[in-house]
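Colleague: Those protein sequence lines, which keep their order, are chains A and B. For the first sequence, this note's numbering assigns the number 1 to the initial residue and increments by one for each residue that follows. For the second sequence, this note's numbering assigns the number 1001 to the initial residue and increments by one for each residue that follows. All residues carry an ideal CB built from backbone N, CA and C; glycine is no exception. Everything numeric in this text was worked out from a predicted model, so none of it was measured.
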Amino acid sequence: MNCEEAQELLDAYSLGALEKPETRRVEKHLSSCSDCRLLHQQAAETAALLALAAPLRRASPALRLRLRQSVLPRPALSWLPAPRLSWATAAAMLVVVSLGALTWGGFLQTQVNDLKTDSDRFAVLYGELERRGETVDVLQKALTDAAFRQENLQSLIQEQDQAMRVVALDSEGREDLVGTVAASPVRGSYFWSAEANLGVLFVVNLSQLSEDRTYQLWVLKQDGTPVSGGIFRPQADGSARLLVQGALGGALTGMAITVEPAGGSETPTGEIVLQGLR
Amino acid sequence: MNYTDCPDEELVAQLSRQDTDAFEALYGRYGNLVYSLSLRILGDVQAAEDVVQDVFLRVWRKPDHYDTARGRFLTWLLSVARNRAIDERRSRGRRQRFEVGSSPLEGDGPQGDEADDPALAALLADERSAIRRALVGLPPEQRSAIELAYYGGLTQQEIARALGEPLGTVKTRIRLGMQKMRGALTEMRPRREGEDELRGSSGTAGRL
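Here is the structure:
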């Protein structure tokens, strides 16, 4: 192929549009002709710039992340056994080489390269999956916690509303309670509303209890039998609030608060820490 | 080392020292370009991303495959990416037919994602608009022959068969079309000589 023929084909060659035999002939000429090499460089530049006519798209940020992970230094894969050659293997390889099967080496190299590429890819994929999995778990937990807290808050607010209503609007009666121990700072008040069929107990300055203990409110009926008004634990500041369904106000002859095992008792068993004044 | 203003060729030289920052700088400059090209050729996001990953990892592992004596890095990178994408296209058995002019190339206004992304739009803006103008300025039959070869990976014979035209006609169209493109692009060059932007190719690109 002379220069004229080659130059006729340079554009098509740069576009990769020649058939294989033509491609080889052009390449052969280029390898020996610096003038045509220069012209080819210009043609190749023009062809490469055609890439810039493609509509610009943003690649996903995940792709950048994957690439970054692939190039960051990683500890060597220790699970790969160190290659060891036995004499037999070495002899066998010698035979293979002596057979002139150098392509075998190329084949092996390709296999090794493929394996390497695959293991790189898996490492990246695995890392990403793991990270995503963790993120999902954390989010899921946060979501559950948030939902739980919201539900809790909502019911607390509802209770608070009911309590306020009894105290502020419907209250028919009030029973004050004082500590049983001398100079005890514990004080409480019980409000009730027959209309709302609800009673509310407020207590302050309660001592904290161990996990297996609880405070329990008792209301003494006309005949003197104690009826449980519910169990409660104080907040961090020693205050407590208890809603009592059924009011119990009109019928009561006395009130007391005792310390009971966690979960409460059927009849009072523990010491009385607070009792009604009546 | 300031990676933002560093010319491409120096960044590539850094790669042989395992400089991951240099690698990220190169990806920051040209990742979207390589992706856009692959997507145009393959028409499939996943396949295009795979090509981008392959191409950049190849640059990372074998930076010495780029020879500074043979032109700018960008040109080399784009041809590596184009060839890789075409290989992928061929290995898919050409199930998808390449649509000539399937991209809205009817002017040199913004296309794709650049309409709402100034940083993307600034990427090699002058060169992109020049090449687009040059392509649009070609007679349609020359343009489609070039596009079928470059984006579709077809040889001249395959193009002739696909269009039902004589092989000689296709050869002429490609030669004339490419000559005109070269003319249009060199016309643009004198204006920009001394700006150092075309050769260095890092100034505007670094903004991405």
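Could you give the C-beta distance for B/I1034 and B/V1012, rounded to a whole number, given that I count them as a contact under 8 Å?
Modeller: The sequence shown places Val at residue 1034 of chain B, not Ile. At roughly 15 Å, the Cβ-Cβ gap does not stay under 8 Å, so B/V1034 and B/V1012 are not in contact.
Colleague: Suppose the cutoff is 6 Å on Cβ atoms and the five residues either side in sequence are ignored; what does the same chain contact list for B/L1039 look like?
Modeller: Within the same chain, B/L1039 has close Cβ partners A1048.
Colleague: Cα separation between A/G246 and A/V219?
Modeller: Those two C-alpha atoms are separated by around 12 Å.
Colleague: In this structure, how does DSSP classify B/D1021 when only helix, strand and coil are distinguished?
Modeller: If DSSP states are grouped into helix, strand and coil, B/D1021 belongs with the helices.
Colleague: Taking 8 Å as the CB-CB cut-off, is B/Q1156 touching chain A?
Modeller: Chain A contact via Cβ: present.
Colleague: Out of A/A262, A/M255, A/E266 and A/G263, point me to the one whose CA is closest to A/V273's CA.
Modeller: Per the Cα distances, A/M255.
Colleague: Do B/G1071 and A/Q41 have their CB atoms nearer than 8 Å?
Modeller: For B/G1071 and A/Q41, yes; Cβs fall inside 8 Å.
Colleague: Looking only at its own chain, which residues have a Cβ that is under 8 Å from the Cβ of B/Y1027, when we skip the five neighbours before and after it?
Modeller: Here the set comprises F1056.
Colleague: From A/R25 to B/L1176, what distance separates their C-alpha atoms?
Modeller: Their backbone Cα atoms lie some 22 Å apart in a straight line.
Colleague: So B/M1181 contacts chain A; which residues on that side make the cut at Cβ distance below 7 Å?
Modeller: Result: T46.
Colleague: Is the Cβ of B/V1051 closer than 8 Å to any Cβ of chain A?
Modeller: False, the Cβ-Cβ gap to chain A never drops below 8 Å.
Colleague: What is the residue span of the alpha helix (DSSP H) that A/P279 lies within?
Modeller: Residue coverage of chain A in this structure runs from 1 to 278, which leaves residue 279 of chain A outside it and unanswerable.
Colleague: Have a look at A/Q150, A/L18, A/A236 and A/Q69 and flag the residue whose alpha-carbon is nearest the alpha-carbon of A/Q208.
Modeller: Nearest C-alpha to A/Q208: A/A236.
Colleague: Quick one: list the residues of chain A neighbouring B/G1071, beta-carbon separation under 8 Å, in chain order.
Modeller: Chain A residues near B/G1071: Q41, A44 and E45.
Colleague: When you compare the CB of B/T1004 with every CB in chain A, is at least one pair closer than 8 Å?
Modeller: So, not an interface residue.
Colleague: Could you check what DSSP says for A/G264 in three-state terms: helix, strand or coil?
Modeller: Coil, per DSSP.
Colleague: For the region 3-34 of chain A, list every residue whose C-beta sits within 8 Å of some C-beta in chain B, in sequence order.
Modeller: Flagged, chain order: E8, D11, A12, S14, L15, G16, A17, L18 and E19.
Colleague: For B/R1040, which residues in chain A fall below 8 Å Cβ to Cβ?
Modeller: By Cβ distance, chain A contributes A54 and P55.
Colleague: Examine chain A for any beta-carbon lying closer than 8 Å to the beta-carbon of B/D1021, and answer yes or no.
Modeller: Chain A, which has no Cβ nearer than 8 Å to the Cβ of B/D1021, makes this no.
Colleague: Check the Cβ-Cβ distances between B/T1075 and every residue of chain A, and say whether any is below 8 Å.
Modeller: Output row for B/T1075: interface = yes.
Colleague: Could you give the distance in angstroms between the alpha-carbon of B/V1170 and the alpha-carbon of A/E5?
Modeller: Straight-line Cα distance between these residues: approximately 17 Å.
Colleague: Considering just the uninterrupted stretch of the alpha helix (DSSP H) at B/A1121, what are its terminal residues?
Modeller: It spans P1118 to A1121 - the alpha helix (DSSP H) in which B/A1121 sits, taken as one unbroken run.
Colleague: Between B/R1161, B/L1077 and B/I1159, which lies nearest to B/V1052 when the distance is taken from Cα to Cα?
Modeller: The residue with the shortest Cα to Cα distance from B/V1052 is B/L1077.
Colleague: Taking 8 Å as the threshold (C-beta atoms), are B/N1032 and A/L56 in contact?
Modeller: In this structure, B/N1032 lies closer than 8 Å to A/L56 by Cβ.
Colleague: When DSSP labels each residue in this structure, what does A/Q222 get in the three-state scheme?
Modeller: A/Q222 falls in the coil class under three-state DSSP.
Colleague: Quick check on the DSSP output: the alpha helix (DSSP H) that includes B/Y1150 runs from which residue to which?
Modeller: It spans P1140 to Y1150 - the alpha helix (DSSP H) in which B/Y1150 sits, taken as one unbroken run.
Colleague: Would you call the CB atoms of A/Q216 and A/T258 closer than 8 Å?
Modeller: Yes.
Colleague: Suppose you measure from the CA of A/G199 to the CA of A/L242; what does that come to, to the nearest Å?
Modeller: Roughly 8 Å between the two C-alpha positions.
Colleague: Determine the closest residue to A/W192 out of A/R66, A/D212 and A/V244, with distance taken between C-alpha atoms.
Modeller: Closest by alpha carbon: A/V244.
Colleague: I need the straight-line Cα distance from A/A59 to B/D1021, nearest angstrom please.
Modeller: Distance between the alpha carbons of A/A59 and B/D1021: 19 Å.
Colleague: Which residues in the same chain have their Cβ closer than 8 Å to the Cβ of A/V166, if we skip the five residues on either side of it in sequence?
Modeller: So the list reads F191, W192, S193, A196, L198, G199 and V200, once near-sequence residues are dropped.
Colleague: Would you verify that the beta carbon of B/L1033 is, or is not, closer than 8 Å to some beta carbon of chain A?
Modeller: With 8 Å as the cut-off, B/L1033 counts as an interface residue toward chain A.
Colleague: Does B/A1149 come within less than 8 Å of chain A when only Cβ atoms are used?
Modeller: Yes, because at least one Cβ of chain A sits closer than 8 Å to the Cβ of B/A1149.
Colleague: Can you give me the C-alpha to C-alpha distance between B/P1104 and B/D1064, rounded to a whole angstrom?
Modeller: Legend: pLDDT at B/P1104 = 40, less than 50; position of this residue unreliable, no value from coordinates given.
Colleague: Determine the direct distance from the alpha carbon of A/N205 to that of A/P61, and round the result to whole angstroms.
Modeller: About 57 Å.
Colleague: Taking C-beta to C-beta, are B/I1041 and B/R1089 nearer than 8 Å?
Modeller: Going by C-beta atoms, B/I1041 is nearer than 8 Å to B/R1089.
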